[in-house]
Amino acid sequence: MDPSLTTVLQTAGEAHQLATSIEGYVYPNEQNLLWSVLIVVYPYITGLVAGAFIMASLVRVFNVRALAPVYRLALLTALGFLICAPLPLLFHLGHPERSLQVMITPHLSSPMAMFGFVYAWYMMAVLLLELWCEYRRDLVAWSQRERGFRGTLYRLMTLGVTDLSPAALQIDERMSKIITVIGIPSAFLLHGYVGFIFGSVKANPWWGNVL
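Take my numbering: the last position of the sequence shown gets the number 192, and nothing is skipped along the way.
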């Protein structure tokens, strides 16, 4: 055999062995799953969520009164985009129903699984609670004015807290400010952990190599 051909084959074999030791062996019938544009849409939406909440925090925490007219709109925008944020991920999955496993059987060392807890914390403990404190006065007024189904719905949304005294409203204001302070790092965590996942996926083959 030609010595040059032998050298080429030997080099190719060594390169294949090195790639296998780094990335692992891939069987011929295995499908190489690629992330689509939907995965790119997800961090974009979470960025909108974090940005809208930071805009609201400028009013509540940093007293930027010029943004006061859009404070409620910013909170509602953050909540609306947060509800829609998982949809690109669900559409990308071959079996969207498996997403429930993140909450049912979580793997605590998995950044992907931690997303479920970060998402639930940000929605329930930050956005919904702050919106409730902000709209409680209006909910009480609507529950007293409306009748029928809408009145019942508003009464349920007040959670039985109908006190509109100055002291009660001051407590709402104080709670809203505390929640906003907690929500600022939570917003960074919600948007920033995506970058951690992207970085860990890129480095994953090197973590599992023989070195």
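In this text, a Cβ means the ideal position worked out from N, Cα and C, and glycines have one as well.
For the candidate residues E115, E78 and L170, whose alpha-carbon lies nearest to that of L57? The sequence position of residue 57 within the sequence shown is 76, counting from 1. Cα-wise, what sits closest to L57 is E115.
Assigned secondary structure, S157 (DSSP; H/G/I helix, E/B strand, else coil): If you number the sequence shown from 1, residue 157 lands on position 176. It is helical.
CB R53 to CB T161, shorter than 7 Å? Residue numbering aside, residue 53 sits at position 72 when the sequence shown is read from its first letter. Residue numbering aside, residue 161 sits at position 180 when the sequence shown is read from its first letter. No; because the gap between Cβ atoms is not below 7 Å, this pair is not in contact.
Mind checking G164: buried by the 16 CB within 10 Å criterion, or exposed? Here residue 164 is taken as the residue at index 183 of the sequence shown, counted from 1. Buried, by the Cβ-count rule.
Are there three or more Cβ pairs, one per stretch, closer than 8 Å when the segment 171 to 179 is compared with the segment 93 to 103? yes
V30 to H172, Cα distance in whole Å? Position 49 of the sequence shown, counted from the start, is the residue given in the question as residue 30. Position 191 of the sequence shown, counted from the start, is the residue given in the question as residue 172. Distance between the alpha carbons of V30 and H172 is about 8 Å.
Considering only C-alpha positions, which residue in the set L19, D119 and S146 is nearest to R136? Here residue 136 refers to the residue found at position 155 when the sequence shown is read from its first residue. Checking every option, the nearest Cα to that of R136 belongs to D119.
Cα-Cα, which of S17, L112, L140 and E127 is closest to L60? Walking along the sequence shown from the start, residue 60 turns up at place 79. Among S17, L112, L140 and E127, the Cα nearest to that of L60 is on L112.
Does the beta-carbon distance from P69 to Y100 come in below 7 Å? For this step, residue 69 is matched to residue 88 along the sequence shown. For this step, residue 100 is matched to residue 119 along the sequence shown. No, these two residues do not count as a Cβ contact at 7 Å.
For V142, does the three-state DSSP call read helix, strand or coil? Translated into positions along the sequence shown, residue 142 becomes position 161. Three-state result, V142: coil.
With the cut-off set at 7 Å, would you say M36 and A66 are in Cβ contact? Along the sequence shown, read from residue 1 onward, the residue named residue 36 stands at position 55. Along the sequence shown, read from residue 1 onward, the residue named residue 66 stands at position 85. In this structure, A66 does not lie closer than 7 Å to M36 by Cβ.
Under a Cβ-count criterion, where at least 16 other Cβ atoms within 10 Å of its own Cβ denotes burial, should T27 be classed as buried or exposed? Sequence index remark: in the sequence shown, residue 27 carries index 46 (1-based). Burial call: buried.
Same chain only: Cβ atoms within 8 Å of L19, ignoring 5 sequence neighbours per side: What you label residue 19 is simply residue 38 of the sequence shown in a count that begins at 1. Cβ neighbours of L19 beyond the five flanking positions: P69, L70, F72 and H73.
Taking only runs that begin and end inside the segment 55 to 132, name each unbroken alpha helix (DSSP H) of 4 or more residues, in chain order. 68 to 73, 82 to 85, 92 to 101 and 110 to 126
For M156, which residues in the same chain have their Cβ closer than 7 Å to its Cβ, ignoring the five residues on either side in sequence? Mapped onto the sequence shown, residue 156 falls at position 175. Within the same chain, M156 has close Cβ partners C114.
Could you give the DSSP three-state label for S181: helix, strand or coil? Residue mapping note: residue 181 aligns to position 200 of the sequence shown, counting from 1. Three-state result, S181: helix.
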